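Worksheet: the structure to be examined is printed underneath.
Protein chains: 2
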Amino acid sequence: MDKKQLFHQFVAFTAAVHQVTHELTQNVKIDNITPVQYKILEYIKVSQPVTPTEISDCLHMSLPNTSRELRKLQERKFIEKISDTEDRRKHYICLTEDGEKIMEEAFACIEERFHQLIQHASTNDLEDIHHALNILDEKVFNPKL
Amino acid sequence: MDKKQLFHQFVAFTAAVHQVTHELTQNVKIDNITPVQYKILEYIKVSQPVTPTEISDCLHMSLPNTSRELRKLQERKFIEKISDTEDRRKHYICLTEDGEKIMEEAFACIEERFHQLIQHASTNDLEDIHHALNILDEKVFNPKL
DNA sequence: TCCATTAGTTATCATTTGATAACAAAATAG
DNA sequence: CTATTTTGTTATCAAATGATAACTAATGGA
Numbered sequence: 001m002d003k004k005q006l007f008h009q010f011v012a013f014t015a016a017v018h019q020v021t022h023e024l025t026q027n028v029k030i031d032n033i034t035p036v037q038y039k040i041l042e043y044i045k046v047s048q049p050v051t052p053t054e055i056s057d058c059l060h061m062s063l064p065n066t067s068r069e070l071r072k073l074q075e076r077k078f079i080e081k082i083s084d085t086e087d088r089r090k091h092y093i094c095l096t097e098d099g100e101k102i103m104e105e106a107f108a109c110i111e112e113r114f115h116q117l118i119q120h121a122s123t124n125d126l127e128d129i130h131h132a133l134n135i136l137d138e139k140v141f142n143p144k145l
Numbered sequence: 001m002d003k004k005q006l007f008h009q010f011v012a013f014t015a016a017v018h019q020v021t022h023e024l025t026q027n028v029k030i031d032n033i034t035p036v037q038y039k040i041l042e043y044i045k046v047s048q049p050v051t052p053t054e055i056s057d058c059l060h061m062s063l064p065n066t067s068r069e070l071r072k073l074q075e076r077k078f079i080e081k082i083s084d085t086e087d088r089r090k091h092y093i094c095l096t097e098d099g100e101k102i103m104e105e106a107f108a109c110i111e112e113r114f115h116q117l118i119q120h121a122s123t124n125d126l127e128d129i130h131h132a133l134n135i136l137d138e139k140v141f142n143p144k145l
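Quick note, the sequences are listed as chains U and L, same order.
Residues 1 to 145 (UniProt numbering) are what the first sequence spells out, left to right.
Residues 1 to 145 (UniProt numbering) are what the second sequence spells out, left to right.
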């Protein structure tokens with residue numbers, strides 16, 4: 001396998017992934033939530049509790065801007081901040097009940113579209129997909145180093 | 001393979017893909033090009049010639065906004081527009097020499113980082129990755145229907 | 001104790017992006 | 001030939017995002 005050729009395949013693949021994720025998530029319309037705010041909620045949902053610094057690092061945004069968006073989300077009661085009792089500079093961010101609810105609805109919506117996407121896949125296909133995701137995760141996207 | 005479980009794996013996977021693509025492309029800094037403009041150039045690079053309508057559809061932006069960004073790119077001599085001789089409403093967009101040059105540089109930079117990413121992969125690993133990309137493309141991201 | 005570092009906030013400004021209306025020109029269907 | 005549709009442009013406005021300075025508070029090390 002030529003590495004150059006593999007690179008081209010990789011580029012086309014990532015473009016397709018972006019395209020499909022966009023299609024899967026585009027009709028998730030949470031009332032007056034901006035894309036960045038949705039990304040933050042999504043990250044909190046799968047990683048909570050998280051600190052503002054972690055959000056800032058993982059979503060590649062500055063701490064001041066992260067802080068601003070978190071404040072807006074807090075004002076709308078989607079998240080709550082809890083101070084660390086050890087290090088009182090640190091704040092742990094969690095979803096509130098409301099926040100959990102809207103994110104579960106959002107994920108349910110995405111999941112439904114995902115199932116449509118793979119509706120024609122056989123049991124064998126599903127196994128293949130699972131295996132392929134594992135391989136790529138392990139060898140490219142989440143290498144153990 | 002439980003479909004629900006597969007969905008969770010899929011979500012984690014796409015997040016990792018986004019993360020890695022961001023890391024691969026973040027240090028591609030073309031002088032005064034906005035992210036959207038870069039996306040457009042990238043799309044033109046791999047699909048040229050393309051029409052504004054195609055760009056609009058594929059990148060999910062409105063035609064007026066597409067037109068605006070294309071004008072800016074044309075002013076900077078990165079692209080050129082050629083009228084279709086058959087249907088004179090249509091305009092084919094291509095990269096200029098300058099445009100080709102900066103995109104080749106950008107791709108070279110990304111390719112280098114990609115090679116770093118897979119530097120520890122054996123020949124067998126590369127074959128596995130290639131195969132996994134094919135499977136996912138065929139069965140999830142670019143189904144022939 | 002004093003200093004440097006870390007975590008986070010607030011305020012402000014510029015830029016980018018999105019949305020929409022109004023338009024023109026070409027093509028096509030009736 | 002006329003009406004409608006397609007393709008694209010220009011202009012304008014609002015909103016989202018990015019960047020930065022100035023700040024507070026807590027921690028940790030010398």
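Even for Gly, the Cβ is constructed at its ideal location relative to N, Cα and C.
Every value quoted in this text rests on a predicted model; they were computed, and no experiment measured them.
Cutoff 8 Å; reference residue i; Cβ partners in own chain excluding five residues on either side
i                     : result
residue 79 (chain U)  : 41, 44, 70, 73, 93, 94, 95, 96, 99
residue 54 (chain U)  : 47
residue 117 (chain U) : 20, 24
residue 37 (chain L)  : 69, 72, 73
residue 39 (chain U)  : 59
Range of the contiguous alpha helix (DSSP H) that encloses residue i
i                     : result
residue 60 (chain U)  : Per DSSP, residue 60 (chain U) belongs to no alpha helix (DSSP H) and is neither H nor E.
residue 83 (chain L)  : That residue, residue 83 (chain L), is in no alpha helix (DSSP H); its beta strand (DSSP E) goes 79-83.
residue 35 (chain L)  : 35-47
residue 125 (chain U) : 123-136
Rounded Cβ spacing between residue i and residue j (contact assumed at less than 8 Å)
i                     : j                     : result
residue 141 (chain U) : residue 133 (chain L) : Residue 141 (chain U) to residue 133 (chain L), Cβ: 12 Å. No contact.
residue 67 (chain U)  : residue 49 (chain U)  : In fact, because the Cβ distance is near 17 Å, the residues do not count as touching under 8 Å.
residue 16 (chain U)  : residue 137 (chain L) : 6 Å
Residue range of the unbroken beta strand (DSSP E) whose run includes residue i
i                     : result
residue 4 (chain U)   : Residue 4 (chain U) -> not in any beta strand (DSSP E); alpha helix (DSSP H) instead, spanning 3-26.
residue 115 (chain U) : That residue, residue 115 (chain U), is in no beta strand (DSSP E); its alpha helix (DSSP H) goes 97-117.
Neighbourhood of residue i by C-beta distance below 7 Å, restricted to the same chain and skipping five residues each side
i                     : result
residue 28 (chain U)  : 106, 109, 110
residue 114 (chain L) : 24
Proximity test, Cβ basis, 9 Å: residue i and chain U
i                     : result
residue 35 (chain L)  : no
residue 95 (chain L)  : no
residue 63 (chain L)  : no
residue 6 (chain L)   : yes
residue 118 (chain L) : yes
residue 105 (chain L) : no
residue 78 (chain L)  : no
residue 3 (chain L)   : yes
Own chain partners of residue i with C-beta closer than 6 Å, once the 5 adjacent residues on each side are dropped
i                    : result
residue 90 (chain L) : 51, 84
Residue i at chain L interface by Cβ criterion, 9 Å
i                     : result
residue 111 (chain U) : yes
residue 91 (chain U)  : no
Exercise. Looking at chain L, which residues of the region 47-59 of chain U have a Cβ within less than 9 Å of any of its Cβ atoms?
Worked result: For the region 47-59 of chain U, residues whose beta-carbon sits nearer than 9 Å to a beta-carbon of chain L comprise 58.
Problem set entry | Where the region 127-138 of chain L meets chain U: residues whose CB sits under 7 Å from a CB there | Residues passing the 7 Å Cβ filter: 127, 128, 129, 130, 132, 133, 135, 136, 137.
Exercise. According to a CB-to-CB cut-off of less than 8 Å, which residues of the region 15-34 of chain U neighbour chain L?
Worked result: When C-beta distances to chain L are compared with 8 Å, the residues of the region 15-34 of chain U below that value are 15, 16, 17, 18, 19, 20, 21, 22, 26, in chain order.
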